Amino acid sequence: MQKLFFHLLLAMACLLPSCKRGKTPPAAPLQIAVATAREDSITMRYSFATHLRYNYEVVIEPRVSGYLMQKHYADGQMVPRGALLFEIDASQLRTSLLSAEAELAAAIAEQESARSDYERAIPLARLEAISASQLDTYRASAASAESRVRAAREQVKSASLQVGYTRIYAPISGIVAHSNAHAGDYVGPGTQFSTLTTIVATDTLTADVAIPTSLYMRYKHDASSTIDNSTLLSNIRLRMANGEIYPYEGRYDYTRQAISPTSGTITIVVDFPNPDNRLKPGEYGQVECGIGQRQRVVMVPQQAVSTQQNIHSVWVIRADSTAQWREVETGEPIGKEWIIRKGLSRGERVAVEGLQKLRNGERVIPKTER
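According to the working numbering, the sequence shown is numbered sequentially starting from 603.
In structure tokens:
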């Protein structure tokens, strides 16, 4: 009876799924998201730490000497171009101007008299009432009087300029500095106050872009000339200290001739317009710009690239939906993508998730491509 009961239990157990434990069911293929390597034509962009400074400053020096009458600005004030800055006592210079004008009037009267004498002498010479030498004398006198008039006019012009120089105007718009000269001081060339103040231009600020020579040579086509780099940089932007992108695009100014012996960099100077005086000298930021000409590159999402011990790799999903580990050479990151210089071709698919679970030859089920 016990033997019959044992066989009955064995028959029932064989009907259960556990009888199939001898055959392990195959693991389900991984479902992973993939992306297709794409090719694009881009200009390589780089970022350089920098600080802003004034583009240039103008030294205000009086052209004439005299007592300073008045200063028309406050130290550190923003002044527009053409604003009156200083007034110098012009009384002596006005006296010189009046004297020059009097000499001009006398010269004009003398010229008119000499011309009249010469014109009356011409018909007399034709009638031989006077000799030819006398006519030449009248002609020379008229020419001499005309020369004196021209010289007198130049004297008036010079004296007038001297009077005009007593009013000193701002040659540029900018911030005017402190002046050591005060009303009543004797100022001018050769005096203690030969320089009155300076004005720094604020409509444009300058930034230095220090490019490593190795990077510079990679993109510079004409390596024999490091002076003209007007076409090397493109889309020059300034990222301010708060992370905001400055709305006005920068422009190339010039290249410093000397290569830094300590850092091995070539310095390119760029300018940024500052019409609303938003930028301040000494402010730090990042200059972001494209370098060189456009080039075609292969790009994949950054999630597809793994890095271990300075080795970059991707998992390629082949046409038969099997995974293949592959070492690649990466370039620079562009946004959320990596540039792949070697090891991957346009159109190949790469895994962008589950990279730690993949094995060579493992079959996968690609999900939505990114």
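We put the CB at the ideal spot given by N, CA and C, even for glycine.
All values reported here derive from a predicted model rather than from experimental measurement.
Local Cβ density within 10 Å of residue i, reported as buried at 16 or more and exposed below that
i    : result
M588 : Here the chain comprises residues numbered 603 to 972, so residue 588 is not present and cannot be evaluated.
A906 : buried
P664 : buried
T932 : buried
L700 : exposed
Q736 : exposed
K673 : buried
I838 : buried
G887 : buried
I690 : buried
I868 : buried
Q910 : exposed
I813 : buried
S781 : buried
L763 : exposed
E950 : buried
T808 : buried
Pair within 9 Å by beta-carbon distance, residue i and residue j
i    : j    : result
T652 : D810 : yes
S643 : R896 : yes
A754 : A709 : yes
V916 : V899 : no
K969 : V636 : yes
V758 : E703 : yes
R647 : G852 : no
I662 : T768 : no
I936 : V966 : no
V681 : I770 : no
T804 : N876 : yes
G884 : L706 : no
G894 : G790 : no
R569 : I847 : Summary: the structure shown does not reach residue 569, with the chain confined to residues 603 through 972, and so no result is reported for it.
D878 : T806 : no
L687 : V666 : no
G684 : A779 : no
V802 : Y656 : yes
Residues sharing a beta bridge with residue i, DSSP
i    : result
D873 : T808, R853
D642 : V899
M680 : I777
G884 : Partner(s): none; G884 has no beta bridge.
T697 : DSSP output for T697 lists no bridge partner at all.
Q633 : I967
Y648 : C891
I868 : I813
Y656 : L807
I847 : R841
N- and C-terminal bounds of the beta strand (DSSP E) containing residue i
i    : result
L729 : Run containing L729: none; DSSP gives neither H nor E here.
L687 : 686-690
L670 : 668-673
V660 : 659-662
V952 : 951-953
Start-to-end residues for the alpha helix (DSSP H) that takes in residue i
i    : result
R841 : Element bounds for R841: not the alpha helix (DSSP H) but the beta strand (DSSP E), 835-842.
R965 : Taken as a continuous stretch (DSSP letters only), R965 belongs to no alpha helix (DSSP H), as it is neither H nor E.
R820 : 815-821
Scan the stretch 734-802 and note each continuous beta strand (DSSP E) run of 3 residues or more that stays entirely inside, going in chain order.
-> Residue ranges of uninterrupted beta strand (DSSP E) with 3 or more members, entirely inside the stretch 734-802 and ordered along the chain, are 769-771, 776-778.
Would you list, in sequence order, the uninterrupted beta strand (DSSP E) runs of no fewer than 3 residues that lie entirely inside the stretch 899-949?
-> 908-910, 913-919, 925-936, 939-944
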